[in-house]
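Chains as they are written, first to last, in the numbering used here: chain E, 1 to 255; chain X, 256 to 510.
Beta carbons are placed, not taken as given, at the ideal position from N, Cα and C, and that holds for glycine.
No experiment lies behind these values; they were computed from the predicted model shown.
Written below as C-alpha cells is the structure these notes are about.
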DNA sequence: AAGGATATTCCGTAATAGGGAATGTTTTAT
DNA sequence: ATAAAACATTCCCTATTACGGAATATCCTT
C-alpha cells in the first residue's frame, strides 16, 4: 500500500514525540521536555501552546500535562459503536456471574486493545486499563481473535513480526500456535495459561457481527489457583459462550 | 499568561481539523475530508499517513478512521491517578446501592469531564460517555465543583464566559447561582433539577484530596419521577456523602 | 477494454517551523 | 532586599518543509 515513509509531516511527528514524553509524567516544564528530546525550548513551547489551545494539553503555572481531550475522543469512539456499547453491558453481567475480571478486546493493527473492562467481586487487580494494548498471541481473547482473522492477516502476524515472548509460557513457535488456533476455531474457546502474566489464567472467545465479520473478543481472567479444574475448562467457557452468543444475537437483530 | 495566538504550529492545527472531521464518521476517504476542509487532497493524505504511522488513525482500504491510540492515552490518564482509580470502585458501589447512574467528574479548563461512570440496575440510558464534557453550572457534580473552586476561578466562570442555557431550567443568572453555590458550600450537596437534561434529576458532591485540594465530584442521576421526595433530598444525599467521605479517607491515608 | 474517479507520489515554491537571541518572570541565594 | 540564576516566553531571521498542482498509479464501473 503506502508505506513510503518520506511523505510525512515532520512537525506532527515532533508534536507526537512531545505528547509521548509528557504522557508518563504528572507534569513537566518546557525545558525538561526540550532537553529530553533535544529540541529548542522555543519549539517545545510553540507546540505545547498549540496543543493547549485545543485541550490536548493542560497547563497549571508552567507545568504542562496531557489533557482530557484524549479521553474525550477515545471515550467517544468507545461509545459510538453499537457493538461496543452492547459488549459493555454483557461483560458487566459476566463479571457479576463469575466474580472475576472480564474484558472486551478488539484488534487494531495486528494488536489487541482493551475497549471495556468489568470487574467482579473477586477480580484481581491488574495494571490493565481501557485502551491498553498488547500482542494478540499471548492472551485468551487475543488468540480467539487471531483464530478468526482472515488467513493472510493471521499468517502475517504469525510469521511477519515474530511472536514476542512475554512470559516463559508464551507460545512463540508459529507451528504450535497454528495448531492451537485450529483447535480454537473448532471449540471457539481459547485458553491462556500464564502466557501474558505469571499467575494469571484466562478463557476467551471471539465475537462476530452482522455478516459474520469479526468484532472482537471477550475474556474472563483470574488467578491460576482459582481458574483450574472444571471451573476453568468447562463452567467458565460455558458461561462465556452463552454471553458471547447473546451479544451476537443482540448485534445481529437488535439494531 | 500566554494567549498570544500568533505563535502556533499551523500544520498541527490542520491535523487537529482533520481529526475533528474524522471523529463523527465511521470512515472517510481522502477526497471527502479534503473537500470538507477545503485543503488539497495531497495535504490531507500526507497528514493521514503521518497519523496512521502512529496509530492515531486506522485505515482499511482507502477508508480512514480515528484509531484507538486516543483511547490508549485517555485510558492511561484515567488509570494513572490513584484518586481516579479509587473513585471508580467507589462509584461502582454507589451505583449498586442506589441502582441509578453514578458519575465521577473532574474540572478541566472550566468545564466538567466524565472520568468514570457506573450504572446501577435501573440506571437511565443517556448519551453521556467517558470523556464527555460540558459546562459546570448545569450539573450536580459540576455545581459542587464550582462551589469549591477558588474564588477567582469561580468568578471567571460565572461572569467571564456567560452561563449557557442548556434547558429551560438551567440557572443562567450569576447572582442566583452565587446564592446557590453558597448553600452548596454549607451542605456539600448540590441538586440538579432538569438543568442539563429534561426529565433528569441529580444529586452531587465534591471530592477533595490530601491538602484539601479539589479532586472532582460525584453525582447520582435518575429520572425525575424516581428522584423526588425524601429519596431525592435526604436518602441519596446521605449515601452520596458517605461514599465521598470514604473516598476522601482512602485518598488521604491509603497511599 | 476503456474511461472515470480517486489515491498516491512527485516536485517547485511560498509559507512556516525551528533555533538563537532578546525579553520577561520567577525563584533562589546571599 | 538585592542580585543572580533559571526558566518561560516572545521575536525575528533563515533554512526547512508543508503545501498545492501536476503526474502517475490504482481501483471501479460499464
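Do residue j and residue i count as a contact pair if the criterion is CB distance below 8 Å?
{"i": "residue 375 (chain X)", "j": "residue 395 (chain X)", "result": "no"}
{"i": "residue 471 (chain X)", "j": "residue 129 (chain E)", "result": "no"}
{"i": "residue 304 (chain X)", "j": "residue 8 (chain E)", "result": "yes"}
{"i": "residue 499 (chain X)", "j": "residue 473 (chain X)", "result": "yes"}
{"i": "residue 390 (chain X)", "j": "residue 366 (chain X)", "result": "yes"}
{"i": "residue 52 (chain E)", "j": "residue 14 (chain E)", "result": "no"}
{"i": "residue 323 (chain X)", "j": "residue 77 (chain E)", "result": "yes"}
{"i": "residue 64 (chain E)", "j": "residue 17 (chain E)", "result": "no"}
{"i": "residue 204 (chain X)", "j": "residue 418 (chain X)", "result": "The displayed coordinates of chain X run from 256 to 510. Any statement about residue 204 (chain X) would go beyond what the structure contains."}
{"i": "residue 229 (chain E)", "j": "residue 201 (chain E)", "result": "no"}
{"i": "residue 443 (chain X)", "j": "residue 494 (chain X)", "result": "no"}
{"i": "residue 184 (chain E)", "j": "residue 267 (chain X)", "result": "no"}
Excluding the five sequence neighbours on either side, which residues of its own chain have a C-beta within less than 8 Å of the C-beta of residue i, listed in chain order?
{"i": "residue 501 (chain X)", "result": "345"}
{"i": "residue 66 (chain E)", "result": "19, 22, 23, 56, 57 and 58"}
{"i": "residue 79 (chain E)", "result": "85"}
Spatial neighbours of residue i within its chain, please: CB distance less than 7 Å, with the 5 preceding and 5 following residues excluded, ordered by chain position.
{"i": "residue 505 (chain X)", "result": "341"}
{"i": "residue 469 (chain X)", "result": "400, 403, 404, 461 and 463"}
{"i": "residue 236 (chain E)", "result": "98, 203 and 220"}
{"i": "residue 210 (chain E)", "result": "251 and 252"}
{"i": "residue 348 (chain X)", "result": "498"}
{"i": "residue 10 (chain E)", "result": "none"}
{"i": "residue 503 (chain X)", "result": "462 and 463"}
With a threshold of 6 Å on Cβ separation, who are the neighbours of residue i within its own chain once the five nearest residues in sequence on each side are excluded?
{"i": "residue 1 (chain E)", "result": "Residue confidence for residue 1 (chain E) is low, a pLDDT of 42 falling below 50, so the modelled location carries little weight and cannot support an answer."}
{"i": "residue 378 (chain X)", "result": "355 and 356"}
{"i": "residue 45 (chain E)", "result": "30"}
{"i": "residue 360 (chain X)", "result": "367, 369, 396, 471 and 472"}
{"i": "residue 358 (chain X)", "result": "369, 372 and 474"}
{"i": "residue 479 (chain X)", "result": "454 and 456"}
Mind listing the chain X neighbours of residue i? Cutoff is C-beta to C-beta under 8 Å, in chain order.
{"i": "residue 276 (chain E)", "result": "Coverage of chain E is limited to positions 1 through 255, which leaves residue 276 (chain E) absent and any answer about it impossible."}
{"i": "residue 78 (chain E)", "result": "326, 384 and 385"}
{"i": "residue 74 (chain E)", "result": "323, 325, 326, 327, 328, 329, 330, 385 and 386"}
{"i": "residue 11 (chain E)", "result": "264, 266 and 267"}
By the criterion of Cβ-Cβ separation under 7 Å, what are the contact partners of residue i in chain X?
{"i": "residue 23 (chain E)", "result": "328 and 331"}
Give me the chain E residues within the contact set of residue i, using Cβ-Cβ distance strictly less than 8 Å, ordered along the chain.
{"i": "residue 364 (chain X)", "result": "55, 58 and 67"}
{"i": "residue 368 (chain X)", "result": "68, 71 and 72"}
Among the options, which residue has its Cα nearest to the Cα of residue i?
{"i": "residue 411 (chain X)", "options": "X:364, X:485, X:456 and X:440", "result": "X:364"}
{"i": "residue 397 (chain X)", "options": "X:419, X:368 and X:382", "result": "X:368"}
{"i": "residue 343 (chain X)", "options": "X:381, X:493 and X:372", "result": "X:372"}
{"i": "residue 174 (chain E)", "options": "E:73, E:233, E:185 and E:137", "result": "E:137"}
{"i": "residue 107 (chain E)", "options": "E:126, E:125, E:73 and E:132", "result": "E:132"}
{"i": "residue 509 (chain X)", "options": "X:315, X:337, X:434 and X:316", "result": "X:337"}
{"i": "residue 317 (chain X)", "options": "X:488, X:414, X:287 and X:328", "result": "X:287"}
{"i": "residue 281 (chain X)", "options": "X:309, X:298, X:297 and X:315", "result": "X:315"}
Which residues in chain E have a C-beta closer than 7 Å to the C-beta of residue i? List them in chain order.
{"i": "residue 271 (chain X)", "result": "54"}
Between residue i and the ligand NAD, is the CB less than 7 Å from at least one heavy atom?
{"i": "residue 502 (chain X)", "result": "Annotation note on the ligand NAD: not contained in the displayed structure, which lists no ligands."}
Indicate whether the contact test is met: 3 or more Cβ pairs, each with one atom in the stretch 280-293 of chain X and one in the stretch 36-48 of chain E, closer than 8 Å. Segments in contact, no.
Would the stretch 148-168 of chain E count as touching the stretch 182-196 of chain E if we require 3 or more Cβ pairs under 8 Å? Yes, the stretch 148-168 of chain E is in contact with the stretch 182-196 of chain E.
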